[in-house]
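Residue numbers (our numbering), protein chains in the order written: chain A, 1 to 259; chain B, 1001 to 1096; chain C, 2001 to 2320; chain D, 3001 to 3543. As structure tokens, the structure follows; a few thoughts come after it.
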């Protein structure tokens, strides 16, 4: 079936990949869920101390970081939308912006933590141990939760960088469909649509022996299309990035806004 | 059967900008509300706003709105499970 | 095993028998049916099988009946438990402290003991606290158990119904000598108990400095006796032997004047055990660890007052 | 397709002869074939099971009489910790899903592989890394951990032994377990053969589906808990340290939020196996298919709500005690439904008493004892007396070993001919079963009595009144181990010497029996179309 000269890739079940990613996100959510459980219990036990301790954190830095992360989520979503429209250049630019924003978030976090450390506030520090118990807990949770979240941002940045280099390096020539679900294509026609959804090209009816279909974009301008596999990967990476954002959406009020 | 073709390819750039704008507004709102002294209500509003914000992210940025029902059911189940884990712990903590 | 030696044990036994009878009935039923079917419908006797998909009525029956049974079990367990949690107001209070790996019981009049002495037929309210890790206060004969959690106060209560001595175990794993964290509950008739309590109270009052110093001043012998008792009550003997055998900590035998190698801040140093060293090693044991042993001993500053420490050191001095 | 005819006549070598990128050992440890990964898991799991058995044997030997028998208290404490960690994290949790689930899930639903084959290989590698870390924890630092497999704070955050590394190993293993669950759930959603609706799926995949969700949702909680123990030890964060305001009881909550559902990760797949074995050997359809399927989900769901019953004497609130006790009793109901349906499946069957069925029936018997003794623990007042005693040890060995262990052995004997294309010596396997069954009961039943008498668990030494029952228990362990040796010797010998079998030695009806033994590479020449339920047997009259 590889008549057009494109090697048939291992099959990718697009929806399967998405289910897999969502399931992974659930485990991430519950990982943080355990921390949120601790937070809610300790907060309910020591409301006043949490209140006082939160005053040590800088709301402006927190808000700034929230805006940075939300914006990076926007550029992430836009970059996927761009690739759906076949605009590889825009996709790459937006992805790069996302990575830069993520890095800004971490840099901010670094300075924020640094400031705390220089004030002598870090786990098990003598100064911190002189605080009330609830305040020690607040900072224990603060460092663990934002630290763990920062780690996730870092992983996200790495994943997105890998995606970016993949998209830069791979010329995309076609789309390959293979594997499960192919039998549904029996008797169907494949078509290439033009700007106004008109049929530029149409294949013969697919017969029942077909296991995979490869379409090469030999006649289309290079740079306008990308393989399904890659945008599935980019999309799942995007999901991960948004989840990291969601976690922050909760961390922000819980640590910075309870003064 | 689950639909193979990704419908959300059609989500416009405008929708995303709108989503982002809504998120910024909600952020501004939650910061403002925290500034007002609402006492015990303040934590509640903060959580509610955070929930709204994360649903916006889930539904639009993460395309949940356009996914098959099976995704929505799974997300719901997971959130429920997490709520139960936290909630049931309070059977202990609040009555100790 | 099934006697009711405390008021609590009664309700535990009731719930247990209720569940036991149902369980045995269930088990016998299931096993009998399995064996019966296997024999009756073996391929030899029954060459063609019949595929029965299911039976709604049966499913309903064997959902509803077990539901009712388990709700009954829940009820019996709950009733007995509620009883365990409601302490009578007139109960005698004893404070129990668990630490690696011994027990300390304190009575309201200040009497301390490593054994729990209680009066027969009177409710005893034991308040439980831990100094280090989790422990669990367990008296099998009375069928009571409760964990000791550092940072919180738990409790149990009971009324003993027969005089005698009963085992007291630590039931929550607490480290190396967990299985030796044993003690006893001694149940005495009320008058004997009161006599014991009075006798012990004297031991407490001995330490009170008296205005008439000459008369009440402690003799050396009594100080040593005191030290010996304290080393038991305060838990020293749980980790330090007096017969030279190696336990968790170094032996007390011949400790005074012995030269020993200690590790402080990663450096080894030889010291001669004198009064100063003993004081330091008790109050701040983590600073210098005797070579070959682990830093397990908690600082005793809050647990011993000066007089008690003096007595213990006096006692250690003469252990040859 | 022309080569189907060849496949039927060629000597059975199946996927073992697959020519891949690598050869020799590498053809296995870098293979993404689900069957090879399944066997890799099985071999590693059985090796670690043997290690766990040796530790268990040593513990029993120490307890044969009061006082010191063969080891010091510290050694004993490490050994019961290792026995628990190995048996739970390295044997039972991955046992059935990772070994048999990997091998048979795709085949039973008519797929060529799992949804993410490379991820599947990764989870095996993670498993092996976990094993390596666990072993490192034994031989490095200041001695093997001595906390018990529960790692209860604050002891685990204070003890000088090598807890951090052991806990990290458990963390890695949790990750491996999550990936397996993720893979299976996706596989079942996406790769069922055309026509295989949810209710035409065999019950083993059903149980794996329920298990997969528990793995996904509960395991991250233990992940974060164990990480926190490490943070606590390294940085002194304070979340479990009472001196810094931390609450040790919260550790227990987090721990059991995972570890109670983990019990269902362990038992559900075994229940799935039993649901496969019984209809095949009774040669009739399973009784109450939907009820068994739904009860798997019910057990997974309800089982996630009952963790507090491990904490009735921990100092948690009275309200929590009552709520968790009630919920605990409710989770007994779906288990009861399963047992009744299994027994009814024997009714009007045409039963051949093969070894797998022996294991399945002993599963029902032993699991019933385990479950019923669980009811005693669920009752609040009784729990107070038997909590943390040998009674608990007896109970969970009946459930975990008598249940999951016997389910595992049942699966081994049921699917052995399919996996290797050869049959074991049936007489020897029956003798081995007999030793296992007798030894098992003699080993663990005395623990119920000991527990009721008040013998606390995790005791290195005990008072003389407990001696008789401990002695009996230790003798039981010797019989049990003889049975194990006999069983494994028989199976290993049969790998080479066993009689060759055809594709369907038992007369099974699910998809795995429709392909050759051992299965060919990619399982199916052509993906089958399914138009009926999983347990429709030829020659069985319908009602």
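We put the beta carbon where it would ideally sit given N, CA and C, even for glycine.
When the five nearest sequence neighbours on each side are left out, the beta carbons in the same chain lying within less than 7 Å of the beta carbon of residue 2176 of chain C are those of 2248, in order along the chain.
Boundaries of the beta strand (DSSP E) around residue 2269 of chain C: 2267-2272.
Its Cα nearest to that of residue 144 of chain A, the residue D:3225 stands out among D:3079, D:3204, D:3053 and D:3225. By the Cβ criterion, the stretch 3276-3288 of chain D is in contact with the stretch 3343-3362 of chain D, since at least three pairs of Cβ atoms, one from each stretch, lie closer than 8 Å. Taking CB atoms only, residue 3217 of chain D has a neighbour in chain B less than 7 Å away.
Cα atoms of residue 110 of chain A and residue 2112 of chain C: separation of roughly 54 Å, rounded to the nearest angstrom. In this structure, DSSP gives residue 2161 of chain C a state outside helix and strand, which the three-state scheme calls coil. The three-state secondary structure of residue 118 of chain A, taken from DSSP, is helix. If you draw a straight line from the Cα of residue 252 of chain A to the Cα of residue 55 of chain A, it is about 13 Å long. At a Cβ-Cβ threshold of 7 Å, residue 2315 of chain C and residue 2255 of chain C do not count as neighbours. Note on geometry: alpha-carbon atoms of residue 129 of chain A and residue 3241 of chain D lie some 12 Å from one another. Assignment of residue 3206 of chain D by DSSP, reduced to helix, strand and coil, places it in the helix class. Between the beta-carbon of residue 2070 of chain C and that of residue 3332 of chain D there is about 5 Å, and that keeps the pair under the 8 Å contact cut.
Under the three-state reduction of DSSP output, residue 3442 of chain D falls in the helix class. With fewer than 16 other CB atoms across the displayed protein chains lying within 10 angstroms of its CB, residue 2275 of chain C is exposed. For residue 27 of chain A, a Cβ of chain D is located within less than 7 Å of the residue's own Cβ.
With respect to residue 3390 of chain D, residue 3493 of chain D sits apart: the two C-beta atoms are not nearer than 7 Å. A contact is defined here as three or more CB-CB pairs under 8 Å, and the stretch 3424-3436 of chain D fails this definition with respect to the stretch 3047-3054 of chain D.
The secondary-structure analysis by DSSP pairs residue 2188 of chain C across a beta bridge with C:2119. The beta-bridge partner set that DSSP reports for residue 2166 of chain C consists of C:2185. Contact with chain D is absent for residue 62 of chain A, since none of that chain's Cβ atoms lies less than 7 Å from the residue's Cβ.
Interface residue (Cβ-Cβ distance to chain D less than 7 Å): residue 1075 of chain B is not classified as such.
Annotation: the continuous beta strand (DSSP E) that includes residue 2103 of chain C extends over 2102-2107. In the three-state scheme derived from DSSP, where H, G and I count as helix and E and B as strand, residue 49 of chain A is classed as helix.
When only Cα atoms are considered, residue 3409 of chain D and residue 3367 of chain D end up about 14 Å apart. A Cβ of chain B is located within less than 7 Å of the beta carbon of residue 249 of chain A. Proximity to residue 2036 of chain C across D:3349, D:3118 and D:3518 peaks at D:3349, based on C-alpha coordinates.
For residue 3144 of chain D, the closest alpha carbon among the candidates D:3065, D:3294, D:3161 and D:3042 is that of D:3161. Contacts with chain C at 7 Å (Cβ-Cβ) include residue 3332 of chain D. Within the stretch 1080-1091 of chain B, 1081, 1082, 1085, 1086, 1089 and 1090 place their CB atoms closer than 8 Å to a CB of chain A, listed in sequence order. In the structure shown, the three-state DSSP call for residue 2154 of chain C is strand. Per DSSP, the continuous beta strand (DSSP E) segment holding residue 2145 of chain C begins and ends at 2144-2148. In the DSSP assignment, residue 2289 of chain C forms a beta bridge with C:2263.
Looking only at D:3478, D:3411, D:3147 and D:3103, the smallest Cα-Cα distance to residue 3357 of chain D is reached by D:3411. The Cβ of residue 1038 of chain B sits no closer than 7 Å to any Cβ of chain A. The continuous beta strand (DSSP E) containing residue 2097 of chain C extends over residues 2092-2099.
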